[in-house]
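J.: Please see the structure below; I have some questions.
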Amino acid sequence: MNRQDALQKIDEQIADGPFSASWDSLEAYSAPDWYQDAKFGVFIHWGVYCVPAFGNEWYPRNMYLQGTKEFEHHRAAYGPQSEFGYKDFIPLFTAEKFDAAEWVQLFKDAGARFIVPVAEHHDGFQMYASELSRWNAVEMGPRRDVVGELGEAARAAGLVLGVSSHRAEHWWYMGGGREFDSDVNDPAYADFYGPAHGTRAPEEYMGNAPDQDYLEDWLLRTCEIIDKYQPQLIWFDWWIMNLAFKPYLKKLAAYYYNAGARWGKGVAINHKYDAFPAGVAVFDIERGQVKGLRGLFWQNDTSVSKNSWGYIEGHNYKNAQDIVADLIDVVSKNGALLLNVGPRADGTIPEEEQRMLREIGQWLAINSEAIYETRPWQDYGEGPTQIPEGAFTDTRRTQFTSEDIRFTRKGETIYAHVLAWPQDGRVRIKLLGKKSRYALNSIRSISLLGGGSITWEVGDDALHVQIHGVTPTAYPLVLKIET
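Position in the sequence shown (from 1) plus 325 gives the number in the working numbering.
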């Protein structure tokens with residue numbers, strides 16, 4: 326099918342569905358129940374960039390930016406970029422140990438309800454079968470349909486498939502290679518390296534508008550993923566907020582939401598900053614949270630590593646306890662957590678990342694009823710620890726304390742999450758005291774999820790709970806309050 330016919334097909338599907346390509350029409354969208362119930366998903370950054378395993382997943386850009394550590398490392402390890410370019414890593418991306426079912430079982434053991442593999446990162450290499458580019462994982466590298474295999478395995482295990490697209494940024498991503506003798510300038514690889522229009526800092530590109538040809542290609546690639554794999558979530562990186570994308574975003578959203586209606590499945594788009602109007606898609610904060618309860622459902626995407634999303638040698642890992650506490654904080658504020666892992670080029674997930682996922686799963690196995698299918702209470706919580714708001718703040722907060730409490734609810738049941746175990750076993754919840762504006766008229770019972778003996782009393786100043794005979798752990802505890 327030629328491009329004009331494909332674009333015409335998109336217009337026809339939009340015309341045949343409940344949503345049209347206008348913000349007024351798209352305002353009727355609401356986040357699906359499965360998403361608001363799921364709370365926890367796994368993001369998977371896996372692509373050619375995991376072969377050099379140096380710096381972070383932006384290696385393909387930085388290896389062409391003169392003066393960077395990646396540029397110097399590349400020359401020392403592989404030779405000049407004119408002789409060994411990024412494309413030459415593709416044959417080394419072997420994935421010989423990739424087992425989609427094994428990955429999905431790990432993610433399910435971790436308590437994830439949905440997965441989001443990267444379909445195409447900024448580097449322009451598609452991890453799925455595409456008719457629009459030869460630079461994909463079925464025709465090169467692994468020679469496997471990674472997104473397709475993960476989708477089949479996820480659905481067989483009862484998990485929801487999402488995908489991410491970072492294609493927008495490819496407009497400028499490989500631009501450093503234009504500035505010196507590199508394979509980016511070779512016409513034979515123009516269909517891979519793309520326009521390569523920039524060497525400045527990414528935030529300076531908002532006025533560097535892609536042309537119509539590129540925008541149409543972006544739309545067609547995204548619709549191809551939708552049609553082939555029926556993902557129920559599409560995560561977009563930040564550069565779709567460039568004003569040139571606006572008419573294409575409306576068209577893409579209408580096409581996707583109409584497809585979801587046709588499938589009988591709830592679907593969602595993730596966006597950053599102000600790419601979409603509030604409520605038209607699900608707002609996502611990269612490596613960051615919100616200070617208070619947000620009325621519209623939202624998402625925090627972050628990684629198990631502080632310094633890279635893709636596999637590298639030399640990760641600076643978080644710990645599982647902090648990730649659990651962040652999950653609770655996000656859920657209490659009407660959000661979901663999308664936690665990233667980065668597999669190796671051979672298809673194995675690093676042992677430390679497997680261990681962290683399993684520890685999270687062990688906590689969720691005990692406390693799942695306080696997370697899944699819950700909704701926010703009247704207030705997200707209380708406590709002294711300040712949460713920096715916005716993107717790239719997830720390593721700035723101090724440790725949570727036993728005074729930091731977060732609430733979720735399910736019907737008439739309230740769950741009080743104590744984000745650090747009190748060493749003396751005493752929990753004090755000010756918002757549930759008799760004189761609090763949230764004072765509960767009647768508490769029928771209070772219990773500790775996972776078992777254990779407690780006594781409790783509602784005082785004027787607080788609800789006082791004493792835990793007896795339970796060994797403290799490094800993880801949050803949850804009190805189930807029946808009202």
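We treat Cβ as the ideally placed atom computed from N, Cα and C, and that holds for glycine.
#1: State the beta-bridge partners of Glu714 as determined by DSSP.
#2: So, are the CB atoms of Lys553 and Arg438 less than 8 Å apart?
#3: Please state if the CB of Ala645 and the CB of Pro801 are separated by a distance shorter than 8 Å.
#4: To the nearest angstrom, report how far apart Glu676 and Ala606 are at their CA atoms.
#5: Report the start-end ranges of each beta strand (DSSP E) in the stretch 334-410 that is 3 residues or longer and not cut off at the edges.
#6: Would you mind reading off the limits of the beta strand (DSSP E) that contains Arg731?
#7: Cβ of Asp626 within 8 Å of Cβ of Phe368?
#8: On a Cα-Cα basis, can you pick out the residue from His793, Gln748, Arg700 and Arg722 that is closest to Tyr360?
#9: Spatial neighbours of Lys597 within its chain, please: CB distance less than 6 Å, with the 5 preceding and 5 following residues excluded, ordered by chain position.
#10: With C-beta atoms as the reference, is Val441 less than 8 Å away from Gly366?
#11: Tyr573 and Tyr354: beta carbons closer than 8 Å?
#12: Could you tell me the alpha carbon to alpha carbon distance between Leu486 and Gly476, rounded to whole angstroms?
#13: Please state the DSSP three-state secondary structure of Lys571.
#14: Less than 7 Å between C-beta atoms, sequence neighbours within five positions excluded: which residues of the same chain meet that for Gln679?
#15: DSSP on Gln555, reduced to helix/strand/coil?
#16: Can you tell me whether His491 is helix, strand or coil according to DSSP?
#17: Thinking C-alpha only, which one of Tyr642, Asp336, Glu611 and Ser693 is nearest Lys735?
#18: How big is the Cα-Cα spacing for Val666 and Ser770?
#19: Can you tell me whether Pro357 is buried or exposed, with buried defined as 16 or more other CB within 10 angstroms of its CB?
#20: Is there a Cβ from chain B that is less than 8 Å from the Cβ of Lys575?
#21: Beta strand (DSSP E) containing Ala661: first to last residue?
#22: I'd like the ranges of any beta strand (DSSP E) spanning at least 3 consecutive residues and lying wholly in the stretch 762-793.
#23: Do you know whose CA, among Leu390, Arg459, Ala534 and Asp434, lies nearest Phe517's CA?
#24: Between Thr710 and Thr720, is the Cβ-Cβ spacing less than 8 Å?
#25: DSSP three-state label for Arg469, please.
#26: According to DSSP, simplified to helix, strand and coil, what is Arg751?
T.: In terms of the structure at hand:
#1: Gln614
#2: no
#3: no
#4: 35 Å
#5: 365-369
#6: Ile730 to Lys735
#7: yes
#8: Arg700
#9: Trp563 and Asp609
#10: yes
#11: no
#12: 6 Å
#13: helix
#14: Leu431
#15: coil
#16: coil
#17: Ser693
#18: 39 Å
#19: buried
#20: Going by chain labels, chain B is absent from the structure shown, which holds only one protein chain.
#21: Gly660 to Val666
#22: 770-773, 778-783 and 788-793
#23: Arg459
#24: no
#25: coil
#26: strand
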